[in-house]
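In the working numbering, the protein residues as written are 9 to 141.
Each residue gets a CB set at the ideal place from its N, CA and C atoms; glycine is no exception.
Presented below is the structure to which this report refers.
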Amino acid sequence: MSTVLERLKLSVKKDIIPDDIIMGILAGLQEDLIPKDPAVFHRTIYELRKKEEFREMLEEFYFDTSGITPFSELLDSVLFRLETAGTLATYNPRYEKYQVKRDKVKARLEKFSDPQKALLAQMSQEFQALISG
Numbered sequence: 009m010s011t012v013l014e015r016l017k018l019s020v021k022k023d024i025i026p027d028d029i030i031m032g033i034l035a036g037l038q039e040d041l042i043p044k045d046p047a048v049f050h051r052t053i054y055e056l057r058k059k060e061e062f063r064e065m066l067e068e069f070y071f072d073t074s075g076i077t078p079f080s081e082l083l084d085s086v087l088f089r090l091e092t093a094g095t096l097a098t099y100n101p102r103y104e105k106y107q108v109k110r111d112k113v114k115a116r117l118e119k120f121s122d123p124q125k126a127l128l129a130q131m132s133q134e135f136q137a138l139i140s141g
């Protein structure tokens, strides 16, 4: 008979949560440094969510589009958790860029099936193009 703690640990290892999806996207980036601009990050995920092929994977991210830029409470919470965990760090002196901790984001890819990994790789490419552009 498993304990509550054992069941929770198993759930964390196999259940895919929004944090895992964002980390999966970050794992496929070519650059370790990305802009630390919430508006750019939110707008980029919003643009990806609008695409039919990514909609299902990003369906939990709802965006308020009544302001200057799209904003997702969930995405904001995910970014906060990734910063707090040190997955997205800001070592640069002006705090203008996140440094993606590759070892942490790549470890999360184990939760995804091969087709999901392929979709995340495609999202990573488009994410990179949108934030660079």
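- Following the DSSP letters along the chain, one finds K105 inside the beta strand (DSSP E) bounded by residues 105 to 108.
- Distances from the alpha-carbon of Q107 to those of E91, F120, E118, D122 put E91 closest.
- The shortest C-alpha to C-alpha distance from R110 to any of Q130, I30, P26 is the one to I30.
- If you ignore the 5 residues before and after E81, its C-beta comes within less than 6 Å of no other C-beta in its own chain.
- Contact between P43 and E104 holds, since their C-beta atoms are separated by about 7 Å, short of 8 Å.
- Look at A93 here: in three-state DSSP terms it is coil, with no helix or strand label.
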